[in-house]
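Trainee:
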Amino acid sequence: MRFGSPDYCKEYNMIDPKLLRSDLESVAEQLKVKRFDLDCDGFLALEAQRKTLQLEAESVQQERNAYSKSMGKLMGEAKAKGEDIEPLKLKGEQLKNDSAAADTALAAVQEQLDELVQGIPNLPHPSVPAGNDEDDNVELRTWGTPSKWDFAVKDHVDLGADLGQLDFDRAAKITGSRFSQMRGGLASLHRALTQFMLNTHIHEHGYEEVYVPYIVNRESLFGTGQLPKFEEDLFKLEDERGLYLIPTAEVPVTNIYRNEIVEELPIKFVAHTPCFRSEAGSYGRDTRGMIRQHQFEKVEMVQFVHPDKSWDALDELVGHAEAILQKLNLPYRTVMLCGGDLGFSSAKTYDIEVWLPSQDKYREISSCSNFGDFQARRMKARYRNEQGKPELLHTINGSGLAVGRTLLAVMENYQREDGSIEVPEVLRPLMNGVTTIQP
RNA sequence: GGUGGGAUGGCAGAGCGGUUGAAUGCACCAGUCUUGAAAACUGGCUUAGGUUAAUAGCCUAACUAGGGUUCGAAUCCCUAUCCCACCGCCA
Numbered sequence: 340m341r342f343g344s345p346d347y348c349k350e351y352n353m354i355d356p357k358l359l360r361s362d363l364e365s366v367a368e369q370l371k372v373k374r375f376d377l378d379c380d381g382f383l384a385l386e387a388q389r390k391t392l393q394l395e396a397e398s399v400q401q402e403r404n405a406y407s408k409s410m411g412k413l414m415g416e417a418k419a420k421g422e423d424i425e426p427l428k429l430k431g432e433q434l435k436n437d438s439a440a441a442d443t444a445l446a447a448v449q450e451q452l453d454e455l456v457q458g459i460p461n462l463p464h465p466s467v468p469a470g471n472d473e474d475d476n477v478e479l480r481t482w483g484t485p486s487k488w489d490f491a492v493k494d495h496v497d498l499g500a501d502l503g504q505l506d507f508d509r510a511a512k513i514t515g516s517r518f519s520q521m522r523g524g525l526a527s528l529h530r531a532l533t534q535f536m537l538n539t540h541i542h543e544h545g546y547e548e549v550y551v552p553y554i555v556n557r558e559s560l561f562g563t564g565q566l567p568k569f570e571e572d573l574f575k576l577e578d579e580r581g582l583y584l585i586p587t588a589e590v591p592v593t594n595i596y597r598n599e600i601v602e603e604l605p606i607k608f609v610a611h612t613p614c615f616r617s618e619a620g621s622y623g624r625d626t627r628g629m630i631r632q633h634q635f636e637k638v639e640m641v642q643f644v645h646p647d648k649s650w651d652a653l654d655e656l657v658g659h660a661e662a663i664l665q666k667l668n669l670p671y672r673t674v675m676l677c678g679g680d681l682g683f684s685s686a687k688t689y690d691i692e693v694w695l696p697s698q699d700k701y702r703e704i705s706s707c708s709n710f711g712d713f714q715a716r717r718m719k720a721r722y723r724n725e726q727g728k729p730e731l732l733h734t735i736n737g738s739g740l741a742v743g744r745t746l747l748a749v750m751e752n753y754q755r756e757d758g759s760i761e762v763p764e765v766l767r768p769l770m771n772g773v774t775t776i777q778p
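Put into structure tokens, the structure is as follows:
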């Protein structure tokens, strides 16, 4: 759980504290791209206190250790001479109290320092453009051409309802809003998409499939950065152990190597899991259909890579996600997120957005990020460098893809005038040759 | 859910409350020997934090985790987690 001593260093530092001490101005400058205002004066003041107090605490501790070590001998001598050993103990007691006082003072400052440092997001990569929100994201490329329809296109909600295979009302009855229930061909199509994505990543992109828990502990959520800042986005179990439903496979998969030194890099994992998100704070947004659900399926790619290779690996991983859309022949575009839209832990993120004819625009279907050593530092996930020394590795991940949204995109882009849906070529072998979803 | 037994360095495995960061073996690295290799011998071999120009020294911490007793804890006490065995229940 912890780096080093419980007294002197708290867990979950994120930005390298050494970097803050050596290059504070530069860090603050870089964080402006992310629209984060770093409290430099506050940091410097706390850091100065920390340094003084830590040196003090360690020196008292040193004295105490030396005294304790000599105690055995001193007591023996005292007893041999028939002297009282109480004064000897008293001095030890005094040292203990001094030490405890010094530790307490240090801990108080360290706590404030930790709080400050832990609230600092990851630094953005120099190539990340400044900007406030998604409107400032930069389109890098588009692929495919949105179809022209000579009839009025329906959205997936109407298509699904007309097919009698997608039912939000019954899902609401069973559970509540933001859930869906499917049946028949649509349910099969949904499953086939999952299977297709997994097969592609495993057999064409070199990923190893992993099966992981869908319920995780706090430490894992800290490791990937969902906690402590984003607790309200999670479903927490009413359980004294304090467990949570996973909001993404990223959490269990990335944490596979928490507190470990891995032998060989890179490691490429792909996992299919359900994802659970409370969507607190998104009331009224995307309430129609299955764009934003409390429960959805996702195929997630996670890579553990050498620090020198993470940027190349990210580009490659984006390509893996795009390949799925290309094989499904779904038009999309790839954008680079601006600083203001970047997630807390991410150094750089590419979003892939699929074309939705009903909305006449592109909507996010995958998000691919490089976290640098940010998550690795929280997780203590390391590898052995060329000198054989443990060093933080880099983590990257990306959806490949969000299955629910992919289904929706397939429905809308493959719809026919009669309301039936053509099954994309690549999915047919997985659906026993079925070519059309019909009522 | 019940009862018992465990958790020590990469692995195996010692460890009376006081030079134990931790015996020993294996593995690993370097050297000697050898034409080369093996064997044998010699030496090295955990990690984190702080200090520092330093991956040099020095200091602090760590024997699953958290708390307690003590001048002093791997060693004693409490709690949690995980593992093993048996019983009960069960997809």
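Residue numbers (the working numbering): 340 to 778. Cβ atoms here follow ideal geometry from the backbone N, Cα and C, with glycine treated the same way. Keep in mind that this is a model prediction, so the values were computed, not measured.
Assign P345 to one of two classes, buried (16 or more other C-beta atoms within 10 Å of its C-beta) or exposed (fewer than that).
Mentor: Residue confidence for P345 is low, a pLDDT of 28 falling below 50, so the modelled location carries little weight and cannot support an answer.
Trainee: Does the separation of the CB atoms of H611 and T533 fall below 8 Å?
Mentor: Result yes, Cβ atoms of H611 and T533 sit closer than 8 Å.
Trainee: Excluding the five sequence neighbours on either side, which residues of its own chain have a C-beta within less than 6 Å of the C-beta of L445, listed in chain order?
Mentor: Here the set comprises L392, Q393 and A396.
Trainee: Three-state secondary structure (DSSP) at G682?
Mentor: Coil, per DSSP.
Trainee: Under 8 Å, do M353 and R716 count as touching if we go by C-beta distance?
Mentor: Yes; because the gap between Cβ atoms is below 8 Å, this pair is in contact.
Trainee: If you count every other CB in all the chains shown that lies within 10 Å of the CB of Q642, and 16 or more means buried, which is it?
Mentor: Buried is the call here.
Trainee: Report the start-end ranges of each alpha helix (DSSP H) in the segment 494 to 547 that is 4 residues or longer and not cut off at the edges.
Mentor: The segment 494 to 547 contains these whole alpha helix (DSSP H) runs: 495 to 502, 507 to 513 and 523 to 542.
Trainee: Could you pull out every residue in the same chain whose Cβ sits closer than 8 Å to the Cβ of G343, ignoring the five residues on either side in sequence?
Mentor: With a pLDDT of 28 at G343, under the threshold of 50, the modelled position of this residue cannot be trusted, and the question is left open.
Trainee: Any idea if Y689 is buried or exposed, counting beta-carbon neighbours within 10 angstroms, 16 or more meaning buried?
Mentor: When all chains shown are included, Y689 counts as buried.
Trainee: When the Cα atoms are used, what is the spatial distance from E450 to E386?
Mentor: The alpha-carbon atoms of E450 and E386 are separated by roughly 11 Å.
Trainee: L766 and A531: beta carbons closer than 8 Å?
Mentor: In this structure, A531 lies closer than 8 Å to L766 by Cβ.
Trainee: Can you look up K607 in the DSSP assignment and give me helix, strand or coil?
Mentor: Three-state result, K607: strand.
Trainee: When the Cα atoms are used, what is the spatial distance from L363 to A588?
Mentor: Distance between the alpha carbons of L363 and A588: 34 Å.
Trainee: Could you pull the DSSP bridge partners for M750 from this structure?
Mentor: The partner list for M750 (beta bridge, DSSP) is empty, contrary to what the question assumes.
Trainee: Report back the beta-carbon spacing between Y671 and E655 to the nearest angstrom; my notes put them in contact at under 8 Å.
Mentor: Contact doesn't hold; Cβ gap of about 17 Å is too wide.
Trainee: Excluding the 5 residues flanking R631 on each side, which residues of the same chain have their C-beta closer than 8 Å to its C-beta?
Mentor: If we look at R631 and ignore the five residues flanking it on each side, its Cβ neighbours are R517, E618, S621, R624 and D625.
Trainee: Assuming V366 is part of the alpha helix (DSSP H), what are its boundary residues?
Mentor: V366 -> alpha helix (DSSP H) spans L363 to K371.
Trainee: Measuring CA to CA, which of R389, D578 and E432 is closest to L452?
Mentor: Of R389, D578 and E432, the residue nearest in Cα terms is R389.
Trainee: Assuming contact is defined by CB atoms lying nearer than 8 Å, are D501 and G758 in contact in what I supplied?
Mentor: Yes; because the gap between Cβ atoms is below 8 Å, this pair is in contact.
Trainee: Mind reading off the beta-carbon distance from N709 to S649? Whole number of angstroms is fine, and I expect it under 8 Å.
Mentor: Contact holds; Cβ gap of about 5 Å.
Trainee: Among P552, R597, K607 and E603, which has the Cα closest to the Cα of P586?
Mentor: Closest by alpha carbon: P552.
Trainee: Between the C-alpha atoms of A417 and A447, what's the straight-line distance to the nearest angstrom?
Mentor: Their backbone Cα atoms lie some 40 Å apart in a straight line.
Trainee: Counting Cβ pairs, one atom from each stretch, are 3 or more of them under 8 Å apart for the segment 483 to 499 and the segment 395 to 411?
Mentor: Flag = no, the segment 483 to 499 and the segment 395 to 411 do not touch.
Trainee: With DSSP as the reference, identify every bridge partner of Y622, one or two as the case may be.
Mentor: BP columns for Y622 are empty, so no partner.
Trainee: Which same chain residues, not among the five before or five after P763, have their C-beta less than 7 Å away from its C-beta?
Mentor: L667, N668, V749 and Y753, listed in sequence order.
Trainee: If you follow the beta strand (DSSP E) that W650 is part of, which residue opens it and which one closes it?
Mentor: Run containing W650: none in the beta strand (DSSP E); it sits in the alpha helix (DSSP H), S649 to K666.
Trainee: Using three-state DSSP, classify I595 as helix, strand or coil.
Mentor: Residue state, collapsed to three classes: helix.
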